[in-house]
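Engineer:
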Amino acid sequence: MPGGSPADHLPGRLTAAGELARVAAERAADLLTPPAPVRLGDVVPAPEQVFPDPVADFTLTPDAAIRVDPAGRDAAEQLAGWLRPATGFPLPVADTTDPAEGRLTLTLSAADAALGAPGGDGPDTGGAAGDVALGDEGYRLDVTAAGIRITAATRAGLFHGAQTLRQLLPAAIENGAPVTERWTVPGGTIVDRPRFAYRGVMLDVARHFFGVADVLRVVDHLARYKLNHLHLHLTDDQGWRIAVDSWPRLAEVGGATAVGGGPGGWYTRDDYRRIVAHAARRHVTVVPEIDLPGHTNSALVAYPELAPDKTAPPPYTGTEVGFSYVDPADERTYAFVADVIGEVAALTPGPWLHLGGDEAFKVPADSYRAFVERAQALVAATGKTIIGWHQIAPAGHVDGRVLQWWGTDGDDPATADAVRRGARLILSPGNRAYLDMKYAPNTPIGHDWAGLVDVRRAYDWDPGAHVDGVPAAAVLGVEAPLWTESITTRAEAEFMIFPRLPALAELGWSPRHRHDWAGFAERLAGHGPRWTAAGITFHRSPEIPWPTRRPPSPQPARTPA
Ligand code: TNX
40 MPGGSPADHL
50 PGRLTAAGEL
60 ARVAAERAAD
70 LLTPPAPVRL
80 GDVVPAPEQV
90 FPDPVADFTL
100 TPDAAIRVDP
110 AGRDAAEQLA
120 GWLRPATGFP
130 LPVADTTDPA
140 EGRLTLTLSA
150 ADAALGAPGG
160 DGPDTGGAAG
170 DVALGDEGYR
180 LDVTAAGIRI
190 TAATRAGLFH
200 GAQTLRQLLP
210 AAIENGAPVT
220 ERWTVPGGTI
230 VDRPRFAYRG
240 VMLDVARHFF
250 GVADVLRVVD
260 HLARYKLNHL
270 HLHLTDDQGW
280 RIAVDSWPRL
290 AEVGGATAVG
300 GGPGGWYTRD
310 DYRRIVAHAA
320 RRHVTVVPEI
330 DLPGHTNSAL
340 VAYPELAPDK
350 TAPPPYTGTE
360 VGFSYVDPAD
370 ERTYAFVADV
380 IGEVAALTPG
390 PWLHLGGDEA
400 FKVPADSYRA
410 FVERAQALVA
420 ATGKTIIGWH
430 QIAPAGHVDG
440 RVLQWWGTDG
450 DDPATADAVR
460 RGARLILSPG
470 NRAYLDMKYA
480 PNTPIGHDWA
490 GLVDVRRAYD
500 WDPGAHVDGV
510 PAAAVLGVEA
520 PLWTESITTR
530 AEAEFMIFPR
540 LPALAELGWS
550 PRHRHDWAGF
560 AERLAGHGPR
570 WTAAGITFHR
580 SPEIPWPTRR
590 PPSPQPARTP
600 A
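Numbering (the working numbering), first residue to last: 40 to 600.
#1: Hey, is residue 444 close to the ligand TNX, as in C-beta under 7 Å from one of its heavy atoms?
#2: Please state whether the Cβ-Cβ distance between residue 551 and residue 507 is less than 8 Å.
#3: Going residue by residue through the region 237-317, where are the continuous alpha helix (DSSP H) segments of at least 4 residues, counting only ones entirely within it?
#4: Could you have a look at residue 208 and say whether DSSP puts it in helix, strand or coil?
#5: Based on Cα-Cα distance, which residue from 320, 547, 495 lies nearest to residue 115?
#6: Alpha carbon to alpha carbon, how far is residue 325 from residue 390?
#7: Contact check, residue 206 vs residue 245 under 8 Å by CB: the rounded distance?
#8: Counting beta carbon pairs with one atom in the region 382-389 and one in the region 416-429, are three or more of them shorter than 8 Å?
#9: Using the C-alpha atoms, what's the distance from residue 465 back to residue 38?
#10: Based on the DSSP output, what are the partners of residue 463 in its beta bridges?
#11: Kindly indicate which three-state DSSP category residue 213 falls into: helix, strand or coil?
#12: Please confirm whether any heavy atom of the ligand TNX lies closer than 7 Å to the CB of residue 220.
#13: Following the continuous beta strand (DSSP E) through residue 188, name the residue where it begins and the one where it ends.
#14: Go through its chain and collect everything with a Cβ distance to residue 492's Cβ below 6 Å, but skip five positions before and after it.
#15: If you compare alpha carbons, which of 444, 451, 202, 191 is closest to residue 85?
#16: Using 7 Å as the cut-off, classify the Cβ of residue 306 as near or not near the heavy atoms of the ligand TNX, replying yes or no.
#17: Rounded C-beta distance between residue 521 and residue 197? I'm assuming under 8 Å.
#18: Name the DSSP bridge partner or partners of residue 577?
#19: Hey, which unbroken runs of the beta strand (DSSP E) at 3 residues or more fall wholly within the region 84-108?
#20: Comparing the CB of residue 486 with every heavy atom of the ligand TNX, is any distance shorter than 7 Å?
#21: Less than 8 Å between the C-beta atoms of residue 147 and residue 212, yes or no?
#22: Are the CB atoms of residue 467 and residue 419 within a distance shorter than 8 Å?
#23: Indicate whether residue 274 and residue 363 have their beta-carbon atoms separated by less than 8 Å.
#24: Among residues of its own chain, excluding the 5 on either side of residue 367, which ones have a beta-carbon nearer than 8 Å to its beta-carbon?
#25: What first and last residue would you give for the beta strand (DSSP E) that runs through residue 179?
#26: Which stretch, first to last residue, makes up the beta strand (DSSP E) that contains residue 548?
#27: Which two residues bound the contiguous beta strand (DSSP E) that contains residue 227?
#28: Which first and last residues belong to the beta strand (DSSP E) in which residue 380 is found?
#29: Decide if the region 257-272 is in contact with the region 536-554; the criterion is three or more beta carbon pairs, one per stretch, under 8 Å apart.
#30: If you run the structure through DSSP and keep just helix, strand and coil, what is residue 134?
#31: Compare the Cα-Cα distances from residue 329 to each of 309, 306, 376, 359 and report the closest residue.
#32: Does the Cβ-Cβ distance between residue 257 and residue 179 come in under 8 Å?
#33: Would you please state the rounded distance, in angstroms, between the beta carbons of residue 314 and residue 255? I believe it to be under 8 Å.
#34: In the DSSP assignment, find the unbroken beta strand (DSSP E) run with residue 144 in it and report its ends.
#35: The beta strand (DSSP E) spanning residue 489 covers which residue range?
#36: Please confirm whether any heavy atom of the ligand TNX lies closer than 7 Å to the CB of residue 524.
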């Protein structure tokens, strides 16, 4: 403040000195306060059975190596990749089935995998002790003072077990550079497997485009929490995001727009293959969605022949829904559908093709149903199994058909009827699973048409008993959709994803008897420091008792009288 008297500077200087003292005190406290030790039961999603053994803690040392069956090598390499940066240990991976002491061992064995629960007092988690078939994705983790062993019947199981081990190390394991820490893993045994086969997240890359690097990062987030499907909403009114060789203007013209007038973008075939390969390595299946017959303005801009009036509409960059559709009365439309899904199916190793079907408000019910039935047959001809939003319920049943429920009140006779005719359900209730809903009235981005979804709302429901007339046996799983009308950056996406993704993951993975809001909130709290260390943005939901490890702030600097 030029020209001011020395006294004018005093308050500012005192405040700055106070601030510096506070930061220094926090730094010292961080160095001096030992972090709360991780307990064996602190895993998210909660494992089916946990048998802690407090005298069997294992401490990872610089000479540790990872031993693995050759067929499981990739899980071991990924585990080493997660542990090397923060520990600074070399952690070599050795192909061998020879058990060794003081080491990490990953064993791929159908025979060993059906292990009974260990002896002792039984699990501290209320699960039934005894033989457990680990199945396609289950694993067993044994931690003793001598070493750690992960056993599974499949590579996916080994991978999930390795993710559990990662969570059992101190939060500092997420640092990108070596830190001084005692790398202790709590002793005992975990026997674990999923409740539902389908556990997913949807990313809407149509309203705002997200590049390959962002998508790969989202896949990594899924994999941490044992989610196994990434649904990509590839097309909508505001943009077409996947190259189609037989209809090149879809991406070149239809991909050039986004909500709010942004530049748009689309994936080349190689981009899409990279996403699929990255996901496959993490046991995540990509589910591509081509939304039809509505939500198609971007396709109509590129190919006016698909429009009911054969006229190109203007590109759309707003956020209304339900106004556009491809002409269900024109044979050319079905050639378009067959070509597009043929190419997308050929690029996609997974079994699913999502054909949308939501909010086609301008298409009369009869022609809508006829369109969906023809589209279902075209999907079947590609060898894939169809998924559609639950609006496709009135159409006839085809083998394996899956409806994705996004309703908000759990009551829809058409959906219950489709399930009676053989359909299965993926649950994404808007007022529970939608990651684009605001947490609270003051959440700066997101929607509230389905209500506010704080972490407790996201967690406290049962996918096995949510929709009237739909028994648990008809539930394939759960999925959390992130619509991106108001979400433009990776940080904004992460802010909406965390901490609600782990809530959904626990609903999808953990047995019903392990659901417990208070316990979940406490376990989740320990993940805040992990996300911070990993550079992941998250919402500090006030419902979660995040650890502070901070001394109380000193009194604010006094202003001289
Ligand atoms: C409804 S959910 C839609 C989307 C919007 C979303 C916003 C569904 C199948 N359709 O088109 O993006 O609401 O929350």
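For glycine and all other residues, C-beta sits at the position ideal for the given N, C-alpha and C.
Structural biologist: Taking the geometry as given:
#1: Reading the sequence shown from its first residue, position 405 is the one you call residue 444. No, since every heavy atom of the ligand TNX falls outside the 7 Å radius drawn around the Cβ of residue 444.
#2: Counting from one through the sequence shown, the residue named residue 551 turns up at place 512. Counting from one through the sequence shown, the residue named residue 507 turns up at place 468. Cβ distance not < 8 Å, so residue 551 and residue 507 don't count as in contact.
#3: 251-263, 288-291
#4: Within the sequence shown, numbered from 1, the residue matching residue 208 stands at position 169. In the structure shown, residue 208 sits in coil (DSSP, three-state: anything other than H, G, I, E or B).
#5: Residue numbering aside, residue 115 sits at position 76 when the sequence shown is read from its first letter. Taking only the C-alpha atoms, the option nearest residue 115 is 320.
#6: In the sequence shown, counting from the first residue as 1, residue 325 sits at position 286. In the sequence shown, counting from the first residue as 1, residue 390 sits at position 351. Roughly 9 Å separates the two Cα atoms.
#7: Locating residue 206 in the sequence shown gives position 167, where the first residue counts as 1. Locating residue 245 in the sequence shown gives position 206, where the first residue counts as 1. In this structure residue 206 does not touch residue 245 by the C-beta definition: roughly 33 Å separates them, more than the 8 Å allowed.
#8: yes
#9: Examination of residue 38 is not possible in this model, given that the chain is present from 40 through 600 alone.
#10: Within the sequence shown, numbered from 1, the residue matching residue 463 stands at position 424. Per the DSSP secondary-structure output, residue 463 pairs in a beta bridge with 441.
#11: For the purposes of this step, residue 213 is taken as residue 174 along the sequence shown, with counting starting at 1. Correct three-state label for residue 213: helix.
#12: Position 181 of the sequence shown, counting from 1, holds the residue named residue 220. When distances are taken from the beta-carbon of residue 220 to the heavy atoms of the ligand TNX, even the shortest one reaches 7 Å or more.
#13: Residue numbering aside, residue 188 sits at position 149 when the sequence shown is read from its first letter. Its beta strand (DSSP E) spans residues 186-191.
#14: Along the sequence shown, one-based indexing puts residue 492 at 453. Excluding sequence neighbours, residue 492 sits near 476.
#15: Here residue 85 refers to the residue found at position 46 when the sequence shown is read from its first residue. The shortest Cα separation from residue 85 among 444, 451, 202, 191 belongs to 202.
#16: On the sequence shown, residue 306 is found 267 positions in, with the first residue counted as 1. Checking the Cβ of residue 306 against the ligand TNX gives no.
#17: Here residue 521 refers to the residue found at position 482 when the sequence shown is read from its first residue. Here residue 197 refers to the residue found at position 158 when the sequence shown is read from its first residue. So it is not a contact: roughly 29 Å between Cβ atoms.
#18: The residue labelled residue 577 in the question sits at position 538 within the sequence shown. Paired residue(s): none; residue 577 is not in a bridge.
#19: 88-91, 105-107
#20: As a first step, residue 486 must be located in the sequence shown, where it is residue number 447. Answer for residue 486: yes, Cβ within range of the ligand TNX.
#21: If you number the sequence shown from 1, residue 147 lands on position 108. If you number the sequence shown from 1, residue 212 lands on position 173. No, these two residues do not count as a Cβ contact at 8 Å.
#22: By one-based count along the sequence shown, residue 419 stands at place 380. By one-based count along the sequence shown, residue 467 stands at place 428. The answer is no: Cβ separation not under 8 Å.
#23: Counting from one through the sequence shown, the residue named residue 274 turns up at place 235. Counting from one through the sequence shown, the residue named residue 363 turns up at place 324. No.
#24: Walking along the sequence shown from the start, residue 367 turns up at place 328. Result list for residue 367: 332, 402, 406, 407, 409, 410, in chain order.
#25: Here residue 179 is taken as the residue at index 140 of the sequence shown, counted from 1. Run containing residue 179: 178-183, per the beta strand (DSSP E) assignment.
#26: Reading the sequence shown from its first residue, position 509 is the one you call residue 548. No beta strand (DSSP E) holds residue 548; the alpha helix (DSSP H) holding it covers 539-548.
#27: Residue 227 sits at position 188 when you count from the first residue of the sequence shown. Its beta strand (DSSP E) spans residues 227-231.
#28: One-based indexing of the sequence shown puts residue 380 at position 341. Taken as a continuous stretch (DSSP letters only), residue 380 belongs to no beta strand (DSSP E), being part of the alpha helix (DSSP H) at 370-386.
#29: yes
#30: Within the sequence shown, residue 134 is the residue found at index 95, counting from 1. Strand.
#31: The residue you call residue 329 lines up with position 290 of the sequence shown. Scanning 309, 306, 376, 359 for the CA closest to the CA of residue 329 turns up 376.
#32: By 1-based counting over the sequence shown, the position of residue 257 is 218. By 1-based counting over the sequence shown, the position of residue 179 is 140. In terms of Cβ geometry, residue 257 and residue 179 do not form a close pair [threshold 8 Å].
#33: For the purposes of this step, residue 314 is taken as the residue at position 275 of the sequence shown. For the purposes of this step, residue 255 is taken as the residue at position 216 of the sequence shown. Residue 314 to residue 255, Cβ: 7 Å. Contact.
#34: By one-based count along the sequence shown, residue 144 stands at place 105. Looking at the DSSP string, the run of the beta strand (DSSP E) that includes residue 144 is 143-147.
#35: Indexing the sequence shown from 1 puts residue 489 at position 450. That residue, residue 489, is in no beta strand (DSSP E); it is neither H nor E in DSSP.
#36: Sequence index remark: in the sequence shown, residue 524 carries index 485 (1-based). Taking 7 Å as the cut-off, the C-beta of residue 524 counts as close to a heavy atom of the ligand TNX.
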